[in-house]
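K.L.:
In the numbering used here, the protein residues as written are 1201 to 1492.
Shown next as structure tokens:
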């Protein structure tokens, strides 16, 4: 009964004309991807999706694969898509697509974050086939102290001219000792389930576009205040929420000045052990007066 229900769902999501019956019965990476999904073999399904992307980059095929990938996320939010574990020297890996919306301007970027116990020499993120996502990139190392141990996160941020396209990408990480780790990454194209928009100077609304996936982490809302000194933005206040989202900002103990107020909503899924994030940030100037 379970497989039959899945078949009905897939058939509805991907209608096949009578003339295409022979196509579906053929043994190709695309038909195999469908079959693996029916069999709950998400790792094999993902491998087939990667193979199809490598063979056919047409828009229609990419849209087909996009629907298939989104459907598979209902099973476990993507945790079963890749059974390969991270190497011992990488504690965590995440890839975030960000859209910053400020008055009159939209900014897009991709940030790859690697928490590692080895020194990292470089992080490279490319679109298939061997296409740099951007020539404008920044590499940074962030250190913090967590429970008497040092946490080191290496980040590569790519500044884009437009929104990152769905499709096949590859991440390559090289340590100083030349040990490497790499993985295929498939970006899906889907509307964020929850977004934020401004309502007034210090108030915003959280809009729900779709039902949340119970297998995925709850969308995270963050509120931050920045000042601008010597050409750099410095965070002076921030809070994050996974439920009971606030819809207004009430400053306390904030010195009178002109700041930037940023509100972000981040939706998350997995690709095996790699966290895939989609973040929307709305920002505007915010003046704190003596009366406040």
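Think of the CB as a built atom: it goes at the ideal place given N, C-alpha and C, for glycine as much as any other residue.
1. On the DSSP bridge assignment, give the partners of residue 1340 in chain order.
2. Between the segment 1268 to 1277 and the segment 1382 to 1402, do at least 3 Cβ pairs fall closer than 8 Å?
3. Secondary structure at residue 1485, three-state DSSP: helix, strand or coil?
4. Report the CB separation of residue 1242 from residue 1280 in whole angstroms; it is logged as a contact under 8 Å.
5. I need the straight-line Cα distance from residue 1291 to residue 1417, nearest angstrom please.
6. In terms of residue numbering, what span does the beta strand (DSSP E) encompassing residue 1423 cover?
7. Across which residues does DSSP place residue 1441 in a beta bridge pair?
8. Of all the options 1485, 1376, 1371, which has the alpha carbon lying nearest to the alpha carbon of residue 1383?
9. Taking the alpha carbon of residue 1485 as the point to measure from, which residue in 1453, 1457, 1419 has its own alpha carbon closest?
10. Alpha carbon to alpha carbon, what distance is there between residue 1288 and residue 1351?
11. Helix or strand or just coil, what does DSSP make of residue 1378?
12. Return the residue from the list 1274, 1309, 1302 that minimises the CA-CA distance to residue 1413.
13. How would you call residue 1255, buried or exposed, if buried means at least 16 neighbouring beta carbons within 10 angstroms?
14. Thinking just about the alpha-carbon of each residue, which of 1330, 1320, 1334 is nearest to the one in residue 1378?
15. Looking at residue 1447 and residue 1405, is the spacing between their C-beta atoms short of 8 Å?
16. Identify, in the order they occur along the chain, each residue of the same chain with its Cβ nearer than 6 Å to the Cβ of residue 1441, setting aside the five sequence neighbours on each side.
17. Between the beta-carbon of residue 1262 and the beta-carbon of residue 1366, is there less than 8 Å?
18. Roughly how many whole angstroms lie between the Cα atoms of residue 1385 and residue 1313?
19. Could you give the residue range of the beta strand (DSSP E) that holds residue 1394?
20. For the beta strand (DSSP E) holding residue 1471, just list the boundary residues, first then last.
21. Flag this pair as yes or no: are the beta carbons of residue 1364 and residue 1307 separated by less than 8 Å?
22. Does the segment 1334 to 1343 come close enough to the segment 1396 to 1404 to have 3 or more Cβ pairs within less than 8 Å?
23. Compare the beta carbon distance of residue 1354 and residue 1325 with 8 Å and say whether it is the shorter of the two.
P.N.:
In terms of the structure at hand:
1. 1355
2. yes
3. In the three-state scheme derived from DSSP, where H, G and I count as helix and E and B as strand, residue 1485 is classed as strand.
4. The beta carbons of residue 1242 and residue 1280 sit about 4 Å from each other, so the pair counts as a contact at 8 Å.
5. Straight-line measurement puts the Cα of residue 1417 at about 19 Å from the Cα of residue 1291.
6. 1420 to 1429
7. 1421
8. Nearest C-alpha to residue 1383: 1371.
9. 1457
10. 15 Å
11. Assigned with DSSP and collapsed to three states, residue 1378 falls in coil, not helix or strand.
12. 1274
13. exposed
14. 1320
15. yes
16. 1421
17. yes
18. 14 Å
19. 1394 to 1400
20. 1457 to 1471
21. no
22. Cβ pair count under 8 Å is below three, so no.
23. no
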